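Asks: Numbers in our numbering are just positions in the sequence shown, counted from 1, shifted up by 15. Quick one: the structure is below, and I'll ask about it shortly.
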Amino acid sequence: EYARLIRKFLTAPSLNSLTEIESVATHLQNELRKEQCLPTTEALRHGLLAGHIPDQIEIQSTDEPRIMIIGGMVDSEGVAFHFDNAKANADLEDLEIAFDLLSFTYRTTFTKAPNLHFDPFTEMAQSILSAPAEATQEGLPSRLTFLRRVFEKLKIDGLIICEQSFCDPDQFEVPDTLKLAEQKKVLSVRVPLDPEFSDRARLEGRIQSFLETLTAR
């Protein structure tokens with residue numbers, strides 16, 4: 016649902032799509048408020064926007080595994096669809112995806128947030144256009160430092176790295192990313208993708224196998 020809403024708005028920005036996102040956000044805020052989780056969630060959101068998760072934030076571990084998805088994306092909604100299928104096949108409906116910004120925080124955490132006090136469309140355009148042309152231009156050390164922080168503070172159990180089958184700037188970061196995951200004892204897997212999702216059975220099978228291995232640990 017998250018991927019669908021974001022794609023819908025970025026594909027055709029409109030007041031209608033913005034209203035839908037606002038409605039979902041309001042509902043989630045109300046639910047978080049009932050669970051007394053809103054302050055922590057807001058602090059985490061501001062930390063992600065700033066590119067640094069504060070020491071005060073502590074996210075509790077859960078019985079179900081918590082995974083993180085990063086890497087080159089072709090179609091975030093399509094990727095989300097295949098993850099849903101793999102989750103269902105592995106009988107893991109309660110699996111937590113803690114961090115699915117879909118390209119190692121590219122154009123999200125490391126991109127200046129739009130100023131919502133002014134015209135949202137103009138501000139969003141300025142935010143996107145001022146971002147680096149490629150994710151890797153942010154610099155590998157700072158991105159790995161942030162990844163380490165996410166592993167520690169969000170209690171990540173598994174890491175899925177999506178790799179495009181064509182030229183992928185994230186590809187050059189994969190060895191260091193895998194090394195960091197191994198250091199933090201986070202189970203990881205690489206999932207090759209192509210724009211047409213030409214081998215869906217293999218893709219979903221690879222994800223399903225990883226999820227089942229993760230839950231068996």
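Glycine residues also receive a C-beta, built at the ideal position from the N, C-alpha and C atoms. Computed from a prediction, not measured in an experiment: that's the story for all the values here.
Report the three-state DSSP secondary structure of ARG217 (helix, strand or coil).
Replies: Numbered from its first residue, the sequence shown carries residue 217 at position 202. When DSSP states are grouped into helix, strand and coil, ARG217 belongs to the helix group.
Asks: Helix, strand or coil for VAL201, going by three-state DSSP, please let me know.
Replies: By one-based count along the sequence shown, residue 201 stands at place 186. Of the three classes helix, strand and coil, the one that applies to VAL201 here is coil, per DSSP.
Asks: Let me make sure I understand the geometry here. Which of GLU73, ILE222 and LEU229 has the alpha-carbon closest to that of ALA95?
Replies: Residue mapping note: residue 95 aligns to position 80 of the sequence shown, counting from 1. Of the listed residues, the one whose Cα sits closest to ALA95 is ILE222.
Asks: Ignore the nearest five residues each way along the sequence and tell me which others in LYS23's own chain have a CB closer than 7 Å to its CB.
Replies: Here residue 23 refers to the residue found at position 8 when the sequence shown is read from its first residue. Excluding positions up to five away in sequence, the list reads SER32.
Asks: Can you list, in chain order, the residues of its chain with a C-beta nearer than 6 Å to that of ALA18? Leave out the 5 residues immediately preceding and following it.
Replies: For the purposes of this step, residue 18 is identified with residue 3 of the sequence shown, where counting begins at 1. Answer for ALA18: SER91, GLU92 and ALA95, listed in chain order.
Asks: Measuring alpha carbon to alpha carbon, tell me which of VAL204, ALA40 and LYS168 ends up nearest LEU63.
Replies: Along the sequence shown, read from residue 1 onward, the residue named residue 63 stands at position 48. With distances taken between Cα atoms, LEU63 lies closest to LYS168.
Asks: Just how far apart, CA to CA, sit ALA101 and ARG215?
Replies: As a first step, residue 101 must be located in the sequence shown, where it is residue number 86. As a first step, residue 215 must be located in the sequence shown, where it is residue number 200. About 10 Å.
Asks: Could you round the C-beta distance between PHE166 and VAL201 to whole angstroms and report it? I think they count as a contact, below 8 Å.
Replies: Residue numbering aside, residue 166 sits at position 151 when the sequence shown is read from its first letter. Residue numbering aside, residue 201 sits at position 186 when the sequence shown is read from its first letter. Approximately 6 Å separates the beta-carbon atoms of PHE166 and VAL201; this is inside 8 Å, confirming the contact.
Asks: Roughly how many whole angstroms lie between the Cα atoms of ARG158 and GLU188?
Replies: Position 143 of the sequence shown holds residue 158. Position 173 of the sequence shown holds residue 188. Roughly 9 Å separates the two Cα atoms.
Asks: Does the count of Cβ pairs from the segment 192 to 201 and the segment 223 to 232 closer than 8 Å reach three?
Replies: no
Asks: Determine the direct distance from the alpha carbon of ILE175 to that of VAL206, and round the result to whole angstroms.
Replies: In the sequence shown, residue 206 corresponds to position 191, counting from 1. In the sequence shown, residue 175 corresponds to position 160, counting from 1. Computed Cα separation, rounded: 7 Å.
Asks: To the nearest angstrom, report how far apart GLU178 and THR192 are at their CA atoms.
Replies: If you number the sequence shown from 1, residue 178 lands on position 163. If you number the sequence shown from 1, residue 192 lands on position 177. In a straight line, the C-alpha of GLU178 is about 13 Å away from that of THR192.
Asks: Among SER213, LEU208 and ILE74, which residue has its Cα nearest to the Cα of ILE85?
Replies: Here residue 85 refers to the residue found at position 70 of the sequence shown. Considering only alpha carbons, the answer is LEU208.
Asks: How would you label LEU43, buried or exposed, when you count the other beta carbons within 10 angstroms and need 16 or more for buried?
Replies: Here residue 43 refers to the residue found at position 28 of the sequence shown. In this structure LEU43 is exposed. Its beta-carbon is surrounded by fewer than 16 other beta-carbon atoms within 10 angstroms.
Asks: Exposed or buried, which one is HIS67 when buried takes at least 16 other CB atoms within 10 Å?
Replies: For the purposes of this step, residue 67 is taken as the residue at position 52 of the sequence shown. HIS67 comes out exposed.
Asks: CA-CA distance, LYS49 and ALA58?
Replies: Here the question's residue 49 lines up with position 34 in the sequence shown. Here the question's residue 58 lines up with position 43 in the sequence shown. Cα to Cα, the separation comes out at about 17 Å.
Asks: Taking its Cβ as the centre, do 16 or more other Cβ atoms sit within 10 Å of LEU117, making it buried, or is it exposed?
Replies: On the sequence shown, residue 117 is found 102 positions in, with the first residue counted as 1. With a pLDDT of only 44 at LEU117, under the threshold of 50, the placement of this residue in the model should not be trusted; the figure read from the coordinates follows. Buried, because 16 or more other Cβ atoms sit within 10 Å of the Cβ of LEU117.
Asks: Count the other C-beta atoms from every protein chain shown that fall within 10 angstroms of the C-beta of PHE119, then say buried if there are 16 or more, exposed otherwise.
Replies: What you label residue 119 is simply residue 104 of the sequence shown in a count that begins at 1. Because PHE119 carries a pLDDT of 40, less than 50, the predicted location of this residue cannot be relied on, and the following value inherits that uncertainty. Taking a 10 Å sphere around the C-beta of PHE119, we find 16 or more other C-beta atoms and assign the residue as buried.
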